[in-house]
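Engineer: Dropping a structure here in structure tokens format, bear with me for questions.
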Amino acid sequence: MSYLIKGGIIAEQNRYTPVDILVEGNVIKKIGKIDKADHILDASGMILFPGFIDAHTHLDMDTGMAHTADDFESGTKAALIQGTTSIIDFATQNKGETLINALENWRHKTDEKCSCDYGFHMAITEWNNEIKSELLTMRESGITSFKLYMAYDALRLDDGAIYEILKSAKNLGGLVGVHCENGDLIKAYTKMLLEQEQRTPLAHPLSRPDMIEAEAISRFLDIAYMVDVPVHIVHLSTQKGLECIRRARKRGQRVYVETCPQYLLLDEKLYHLKQFESAKYVLSPPLRSKQDQEALWEGIQEGEIQTISTDHCAFNFESQKKIGIDDFTQIPNGIPGIEHRPQLIYSYGVTKGRLSLQEMAYLLSTHVAQLFGMYPQKGTLAVGSDADIVVWNPGYRGVISAKTQLQHVDYTPYEGFKVIGRAEHVFLRGMHVVEEGRIVEEKKGRYIFRKPPLNMK
Numbered sequence: 000m001s002y003l004i005k006g007g008i009i010a011e012q013n014r015y016t017p018v019d020i021l022v023e024g025n026v027i028k029k030i031g032k033i034d035k036a037d038h039i040l041d042a043s044g045m046i047l048f049p050g051f052i053d054a055h056t057h058l059d060m061d062t063g064m065a066h067t068a069d070d071f072e073s074g075t076k077a078a079l080i081q082g083t084t085s086i087i088d089f090a091t092q093n094k095g096e097t098l099i100n101a102l103e104n105w106r107h108k109t110d111e112k113c114s115c116d117y118g119f120h121m122a123i124t125e126w127n128n129e130i131k132s133e134l135l136t137m138r139e140s141g142i143t144s145f146k147l148y149m150a151y152d153a154l155r156l157d158d159g160a161i162y163e164i165l166k167s168a169k170n171l172g173g174l175v176g177v178h179c180e181n182g183d184l185i186k187a188y189t190k191m192l193l194e195q196e197q198r199t200p201l202a203h204p205l206s207r208p209d210m211i212e213a214e215a216i217s218r219f220l221d222i223a224y225m226v227d228v229p230v231h232i233v234h235l236s237t238q239k240g241l242e243c244i245r246r247a248r249k250r251g252q253r254v255y256v257e258t259c260p261q262y263l264l265l266d267e268k269l270y271h272l273k274q275f276e277s278a279k280y281v282l283s284p285p286l287r288s289k290q291d292q293e294a295l296w297e298g299i300q301e302g303e304i305q306t307i308s309t310d311h312c313a314f315n316f317e318s319q320k321k322i323g324i325d326d327f328t329q330i331p332n333g334i335p336g337i338e339h340r341p342q343l344i345y346s347y348g349v350t351k352g353r354l355s356l357q358e359m360a361y362l363l364s365t366h367v368a369q370l371f372g373m374y375p376q377k378g379t380l381a382v383g384s385d386a387d388i389v390v391w392n393p394g395y396r397g398v399i400s401a402k403t404q405l406q407h408v409d410y411t412p413y414e415g416f417k418v419i420g421r422a423e424h425v426f427l428r429g430m431h432v433v434e435e436g437r438i439v440e441e442k443k444g445r446y447i448f449r450k451p452p453l454n455m456k
């Protein structure tokens, strides 16, 4: 069976000439002028993006205090509705557990549930010779990226372990991404705030000032410099952190950087809301200043930030966030965003003149695929690539609301945001899974076997 998407404009290209895309089976068969196919979709006036990739999600995750509101069934449906055809979640090792155990646990969570394709980063929380010996097994299982934490007692590793993991990853050809916050300083600030009886959500950003992120980024990059290995900084939120990255690059380091829509569009004023509403915005790192926002936009425009993912980690406000109503340290950290990322970046990036269509395609798809070993299977509209295609309607106008979202959570941090454009049609490996803004095929997602990143070979 063949499918012809006719007359759209490919966002990856610098020309705005309408083209036709012929899909046969799972892949793109031809691009150009095409007349015949079994099915024809008129995409005149539409923009054609490669399927978007969200490389930072937390679905079906238990923090010890709360379990995320979205599992892989609801989360991947929410992703798919606006054109995210692939996600990379985190298979997280529990203390005392092997990496193989962790991968088995997460594969069980995803079995026959996903509506988009999916892969995993392996989050390493304990390090010894046995764990080291498993890294090759991870690569053979299609996992070529690893996540480390410098904060959270249940997750973080000391600097010596980080150094050893970077050396092992370098030999393997894997990429290490790190949550950069100084865990010891966070604990010290938190103790001080509680002693001062500061227990509201406003205390959360006070416990994690911008230097907490910048110090950890600087220290991690010094460790990476000693190993001479490219690394990945996740969810960058501050100007000071970006300045640390610039200094590392000046001395020749390869540093890849991710930020998230919340750090581009939401700011610290939201921690001053009444009636505990600010708890909706408790996430780590916290929201920052307008100055930090502008610095991150500048970093994107200058090519200093390579990807925009969500760090989607959804907790219900009424039944979960309010656990911390008398103690900010008990508020589950995280916000939802997997559904709304493409509309937000198009509406507040492209239409505001901050990004081109090509840059949006790179930040949300192409660069992500290249960085995480999926390119050119994913991340591009090219002959032979997976037919993951987003037919984007630039004429759509709407308003984001929790009442209409597919995310299985009782609020959205972007409530009331006006948006321009939407995914009118979405193809997942050649299957027409979203038609006229409605999901028509569910649970067709497959595991993505990833190769080493292009830049690590």
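Numbering follows numbering that gives the first Met the number 0, in which position 71 of the sequence shown is assigned residue number 70; successive positions increment by one, without gaps. Cβ atoms here follow ideal geometry from the backbone N, Cα and C, with glycine treated the same way. As the structure is a prediction and not an experimental result, all values here were calculated from the model.
With 16 other CB atoms within 10 Å as the buried threshold, where does K442 fall?
Structural biologist: K442 should be labelled exposed.
Engineer: What do you reckon, are the CB atoms on G7 and V390 nearer than 8 angstroms?
Structural biologist: Yes, the Cβ-Cβ distance between G7 and V390 is below 8 angstroms.
Engineer: List in chain order: all unbroken beta strand (DSSP E) runs of 3+ residues lying wholly within the stretch 137-223.
Structural biologist: Counting only runs of 3 or more, we get 144-148, 174-178.
Engineer: Within a Cβ cutoff of 7 angstroms, which residues of the same chain sit near R287, ignoring the five residues on either side of it in sequence?
Structural biologist: D209, S236, T237, Y262, D266, E267.
Engineer: D37 by DSSP, collapsed to three states: which one?
Structural biologist: D37 falls in the coil class under three-state DSSP.
Engineer: Y255: which of C179, A313, V230 sits nearest, CA to CA?
Structural biologist: Answer by Cα proximity: V230.
Engineer: Does the Cβ-Cβ distance between F275 and A54 come in under 8 angstroms?
Structural biologist: Their beta carbons are not under 8 angstroms apart, which means F275 does not touch A54 by this criterion.
Engineer: Using the Cα positions of K456 and G436, report the straight-line distance between them to the nearest angstrom.
Structural biologist: Bear in mind that a pLDDT of 42 at K456, under 50, signals an unreliable position, so the number given afterwards is only what the model happens to contain. Looking at the two C-alpha atoms, the distance is approximately 39 angstroms.
Engineer: Report the partner residues of A422 according to the DSSP bridge assignment.
Structural biologist: According to DSSP, A422 bridges with W391.
Engineer: Based on the DSSP output, what are the partners of K29 in its beta bridges?
Structural biologist: K29 pairs with L21.
Engineer: Reducing DSSP to helix, strand and coil, say where H311 ends up.
Structural biologist: Three-state DSSP puts H311 in a strand.
Engineer: Please tell me whether H178 and V233 are closer than 8 angstroms, where the distance is taken between their beta carbons.
Structural biologist: Result yes, Cβ atoms of H178 and V233 sit closer than 8 angstroms.
Engineer: Using the Cα positions of R138 and D61, report the straight-line distance between them to the nearest angstrom.
Structural biologist: Between R138 and D61, the C-alpha separation is close to 25 angstroms.
Engineer: With 16 other CB atoms within 10 Å as the buried threshold, where does A42 fall?
Structural biologist: Per the 10 Å Cβ criterion, buried.
Engineer: Assuming L147 and I161 form a contact by the criterion Cβ under 8 angstroms, report the distance between their Cβ atoms to the nearest whole angstrom.
Structural biologist: L147 to I161, Cβ: 6 angstroms. Contact.
Engineer: Exposed or buried, D157, counting other C-beta atoms within 10 Å across all chains shown (16 or more means buried)?
Structural biologist: By the neighbour-count rule (16 or more Cβ atoms within 10 Å), D157 is not buried but exposed.
Engineer: From what residue to what residue does the beta strand (DSSP E) around K5 run?
Structural biologist: Counting along the chain, the beta strand (DSSP E) containing K5 begins and ends at 1-9.
Engineer: From the beta carbon of I30, is the nearest beta carbon of chain E less than 8 angstroms away?
Structural biologist: Checking the listed chains, one finds no chain E in this structure; it contains a single protein chain.
Engineer: Give the straight-line distance between the Cα atoms of L269 and N93, rounded to the nearest whole angstrom.
Structural biologist: Rounded to whole angstroms, L269 to N93 spans 33 angstroms at the Cα level.
Engineer: Check each candidate in P335, T91, A247, D221 and name the one with the smallest Cα separation from C259.
Structural biologist: Nearest option by C-alpha distance: P335.
Engineer: Between L500 and the rest of its own chain, which residues show a CB-CB distance below 8 angstroms, the 5 nearest in sequence each way excluded?
Structural biologist: The displayed coordinates of the chain run from 0 to 456. Any statement about residue 500 would go beyond what the structure contains.
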